[in-house]
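In the order they appear, the protein sequences are chains A and B.
At position 50 of the first sequence the residue is numbered 50 (the working numbering), and the sequence of numbers has no breaks.
At position 14 of the second sequence the residue is numbered 14 (the working numbering), and the sequence of numbers has no breaks.
Even for Gly, the Cβ is constructed at its ideal location relative to N, Cα and C.
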Amino acid sequence: MANTAVLVNEFGEVGLDHHLLRRADEKTVLLEHGCVCCTTREDLVSALLDLLDEEDKGRIPPLDRVVVETTGLADPAPILFTVFSHPVLQHHYHVDRVVSTVDTVNGELHLDRNPESTRQAAAADVVVLTKTDIAKSGEIQALRARLRGINPSASVIEASLGEVNPEALFNPASNWSPTEPSDPTENRPGTVPETFVAGDVRHVSRTYSTSLKFDGPVDWTAFGTWFSMLLYARGEDVLRVKGLVDVGEAGPVLLNGVQHVVHPPEHLGEWPDEDRRSRIIFITRGVRSEELLASLEAFRGIVGAGPRLLEANAPV
Amino acid sequence: MCILCGEFVTRIHWTEKHAEDKARASIDAGAKDENRRNRRRERVRRAAVTNEVLRHYGLKVSDWSGTKYVLRDGKGRSELVQDLGSLWPAAQKLTGRPLDPLDPALHGALANGG
Numbered sequence: 001m002a003n004t005a006v007l008v009n010e011f012g013e014v015g016l017d018h019h020l021l022r023r024a025d026e027k028t029v030l031l032e033h034g035c036v037c038c039t040t041r042e043d044l045v046s047a048l049l050d051l052l053d054e055e056d057k058g059r060i061p062p063l064d065r066v067v068v069e070t071t072g073l074a075d076p077a078p079i080l081f082t083v084f085s086h087p088v089l090q091h092h093y094h095v096d097r098v099v100s101t102v103d104t105v106n107g108e109l110h111l112d113r114n115p116e117s118t119r120q121a122a123a124a125d126v127v128v129l130t131k132t133d134i135a136k137s138g139e140i141q142a143l144r145a146r147l148r149g150i151n152p153s154a155s156v157i158e159a160s161l162g163e164v165n166p167e168a169l170f171n172p173a174s175n176w177s178p179t180e181p182s183d184p185t186e187n188r189p190g191t192v193p194e195t196f197v198a199g200d201v202r203h204v205s206r207t208y209s210t211s212l213k214f215d216g217p218v219d220w221t222a223f224g225t226w227f228s229m230l231l232y233a234r235g236e237d238v239l240r241v242k243g244l245v246d247v248g249e250a251g252p253v254l255l256n257g258v259q260h261v262v263h264p265p266e267h268l269g270e271w272p273d274e275d276r277r278s279r280i281i282f283i284t285r286g287v288r289s290e291e292l293l294a295s296l297e298a299f300r301g302i303v304g305a306g307p308r309l310l311e312a313n314a315p316v
Numbered sequence: 001m002c003i004l005c006g007e008f009v010t011r012i013h014w015t016e017k018h019a020e021d022k023a024r025a026s027i028d029a030g031a032k033d034e035n036r037r038n039r040r041r042e043r044v045r046r047a048a049v050t051n052e053v054l055r056h057y058g059l060k061v062s063d064w065s066g067t068k069y070v071l072r073d074g075k076g077r078s079e080l081v082q083d084l085g086s087l088w089p090a091a092q093k094l095t096g097r098p099l100d101p102l103d104p105a106l107h108g109a110l111a112n113g114g
């Protein structure tokens, strides 16, 4: 965690966290006005630009990483959008990962009641379960199953008494777990998490996750037509897309999107493992797996390959 | 900067990022020319595959000087768009109806060759 700056965001007039964190780390900058994503996007821009400026002038050591701590109600998509779209930031910063913390004791309640919680879990690359030290037995496993139902691509790590190993948090390998869950006790592909059995209707909009592969190489240009059209029509309901797409080259294209915001796709030089098939996870709100599959099947002639379902988790 | 309209384009749509980056990054003159040709080929191909979808809506798109795309309907109306991100809203504006890849009517049209 050396050479890491932390941008803290908080509501309220007294910037208590700011003072605490400044004592711990001189690179902490307090963002004003509360919510980073909606009301103070420019503050995030200026805070990140300030860090570049201070680094350039030698006032702070060269930075390896910036951690942006958002409010509990934040939507991660506008933050990603800010970094991807700003004319300067997009050339100096690379979004590494979205980390979401989930309170193990109250997580189920938050996921039931708050659409923001589901959006954050869907956007996460890494989920940290907090307060596992005071959780009842069974709560951790139930929450893990629930989170896997929402976002099968996220790796889940546990923090007891607020302690978490930074290496586990920022381990590059944890950024993509395409087929194998990190914990063998988690639900395997093809199974339905126990929290999503029939009749278990949740309070928030229905969230579906769909893991699929393609039966051959995909025409990347044509896939762009389909996916951009999907995001135009249903972007707000496409909470997350993450995948490796076989485009007939030596390596796959790494696809990563949160709602309307798509990471610049990376054309990798080689596959990360032996499995050289496309695999994509869609996390959607109200859009059923069958609808996505039917659409991709209809686009088969254009995209060059058809979809095959690997795993689907539905709320009911 | 777009030399035709003077628009300062700072955002490259994700669908065009790879080809744009390659076309801009090449140092070797031969590779630069090849990457520019690839970029142009990809734009023409993007218009061709997108037309297979747009046919259902009575629209047609074509590359416009390698800088924009021009979207036309059967009544002679047209819209200039920067990329696929702005093409779909413009298409909806021209047709007056929503375009949705999950629409079964579109699926049927694609199965019948558009």
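Could you tell me whether the Cβ atoms of A:S228 and B:T15 are closer together than 8 Å?
Position 228 of the first sequence, counted from the first residue, corresponds to residue 228 of chain A. Position 15 of the second sequence, counted from the first residue, corresponds to residue 15 of chain B. Going by C-beta atoms, A:S228 is nearer than 8 Å to B:T15.
Can you tell me the Cα-Cα spacing of A:H91 and A:A121, whole angstroms?
Position 91 of the first sequence holds residue 91 of chain A. Position 121 of the first sequence holds residue 121 of chain A. Within the model, the alpha-carbon separation for A:H91 versus A:A121 is close to 27 Å.
Got a sec, what are the start and stop residues for the beta strand (DSSP E) B:T95 sits in?
Residue 95 of chain B sits at position 95 when you count from the first residue of the second sequence. Looking at the DSSP string, B:T95 is not in any beta strand (DSSP E); the run it does join, the alpha helix (DSSP H), is L84 to T95.
I need the straight-line Cα distance from B:R43 to B:D21, nearest angstrom please.
Residue mapping note: residue 43 of chain B aligns to position 43 of the second sequence, counting from 1. Residue mapping note: residue 21 of chain B aligns to position 21 of the second sequence, counting from 1. Approximately 14 Å between the Cα atoms of the pair.
Smallest Cα separation from A:V127: which of A:A2, A:R113, A:G138 and A:V164?
Against the first sequence, residue 127 of chain A aligns to sequence position 127. Of A:A2, A:R113, A:G138 and A:V164, the residue nearest in Cα terms is A:V164.
Among A:L244, A:V67 and A:V45, which residue has its Cα nearest to the Cα of A:A5?
Here residue 5 of chain A is taken as the residue at index 5 of the first sequence, counted from 1. Of A:L244, A:V67 and A:V45, the residue nearest in Cα terms is A:V67.
Only counting the same chain, and skipping five residues up and downstream in sequence, which positions put a Cβ closer than 7 Å to that of A:A250?
The residue you call residue 250 of chain A lines up with position 250 of the first sequence. Excluding sequence neighbours, A:A250 sits near G269 and E270.
A:W271 at chain B interface by Cβ criterion, 8 Å
Reading the first sequence from its first residue, position 271 is the one you call residue 271 of chain A. Chain B, which has no Cβ nearer than 8 Å to the Cβ of A:W271, makes this no.
At a Cβ cut of 7 Å, what residues of the region 16 to 46 of chain B count as close to chain A, listed as they run along the chain?
Listed by position, the residues of the region 16 to 46 of chain B near chain A (Cβ gap below 7 Å) are K17, H18, E42, R45 and R46.
Check the Cβ of B:G85 against every Cβ in chain A and list those closer than 7 Å, keeping chain order.
Position 85 of the second sequence, counted from the first residue, corresponds to residue 85 of chain B. At a beta-carbon threshold of 7 Å, the residues of chain A lying near B:G85 are S228, ordered along the chain.
Considering only the alpha carbon of each residue, which of A:S289, A:E167 and A:W226 lies closest to A:R300?
Counting from one through the first sequence, the residue named residue 300 of chain A turns up at place 300. Taking only the C-alpha atoms, the option nearest A:R300 is A:W226.
Proximity to A:H110 [Cα-Cα], best of A:S295, A:V262, A:L73 and A:A123
Within the first sequence, numbered from 1, the residue matching residue 110 of chain A stands at position 110. Nearest option by C-alpha distance: A:L73.
Exposed unless 16 or more other CB atoms sit within 10 angstroms - verdict on A:R146
For the purposes of this step, residue 146 of chain A is identified with residue 146 of the first sequence, where counting begins at 1. Its Cβ being crowded by 16 or more others within 10 Å, A:R146 is buried.
Would you say A:R234 faces chain B, with C-beta separation under 8 Å as the test?
Within the first sequence, the letter at position 234 stands for residue 234 of chain A. Judged by the 8 Å Cβ criterion, A:R234 is in contact with chain B.
Cβ neighbours of A:R23 in the same chain (closer than 7 Å, five flanking residues each side left out)
Indexing the first sequence from 1 puts residue 23 of chain A at position 23. In this prediction, A:R23 scores a pLDDT of 30, lower than 50, which makes its location untrustworthy; no coordinate-derived value is stated.
Looking at A:R277: is its Cβ nearer than 8 Å to the Cβ of A:D246?
Counted from its first residue, the first sequence places residue 277 of chain A at position 277. Counted from its first residue, the first sequence places residue 246 of chain A at position 246. Less than 8 Å separates the beta-carbon of A:R277 from that of A:D246.
Starting from B:T50, find everything on chain A with Cβ-Cβ shorter than 7 Å and list it in chain order.
As a working mapping, residue 50 of chain B is identified with position 50 in the second sequence. Under the 7 Å cutoff, chain A gives T225.
Under three-state DSSP, which class holds A:S117?
For the purposes of this step, residue 117 of chain A is identified with residue 117 of the first sequence, where counting begins at 1. In the displayed model, A:S117 falls within a helix according to three-state DSSP.
Give a yes or no on whether the minimum CB-CB distance between A:P264 and chain B is below 8 Å.
For the purposes of this step, residue 264 of chain A is taken as residue 264 along the first sequence, with counting starting at 1. At least one beta carbon of chain B lies nearer than 8 Å to the beta carbon of A:P264.
Have a look at A:G286 and A:R234 and give me their C-alpha separation to the nearest angstrom.
Position 286 of the first sequence, counted from the first residue, corresponds to residue 286 of chain A. Position 234 of the first sequence, counted from the first residue, corresponds to residue 234 of chain A. If I take the Cα positions, the gap works out to 10 Å.
Quick check: is the beta carbon of B:V81 nearer than 8 Å to any beta carbon in chain A?
Here residue 81 of chain B corresponds to residue number 81 of the second sequence, with the count starting at 1. With 8 Å as the cut-off, B:V81 does not count as an interface residue toward chain A.
With distances taken between CB atoms, is the gap from A:L212 to A:P307 smaller than 8 Å?
On the first sequence, position 212 is the one that residue 212 of chain A refers to. On the first sequence, position 307 is the one that residue 307 of chain A refers to. Yes, the Cβ-Cβ distance between A:L212 and A:P307 is below 8 Å.
How big is the Cα-Cα spacing for A:G216 and A:M1?
Taking the first sequence and counting its residues from 1, the one referred to as residue 216 of chain A is at position 216. Taking the first sequence and counting its residues from 1, the one referred to as residue 1 of chain A is at position 1. Here the alpha carbon of A:G216 sits roughly 41 Å from the alpha carbon of A:M1.
Could you work out which residues of chain A lie near B:W88, taking near to mean beta carbons separated by less than 8 Å?
As a first step, residue 88 of chain B must be located in the second sequence, where it is residue number 88. For B:W88, the neighbours in chain A by C-beta distance under 8 Å run, in chain order, S228, M229, Y232 and A233.
Any contact of the region 102 to 109 of chain B with the region 73 to 92 of chain B, i.e. 3+ C-beta pairs under 8 Å?
The answer is no - the region 73 to 92 of chain B does not touch the region 102 to 109 of chain B, with fewer than three Cβ pairs under 8 Å.
Per DSSP, what kind of secondary structure is B:E42 in: helix, strand or coil?
Numbered from its first residue, the second sequence carries residue 42 of chain B at position 42. Helix.
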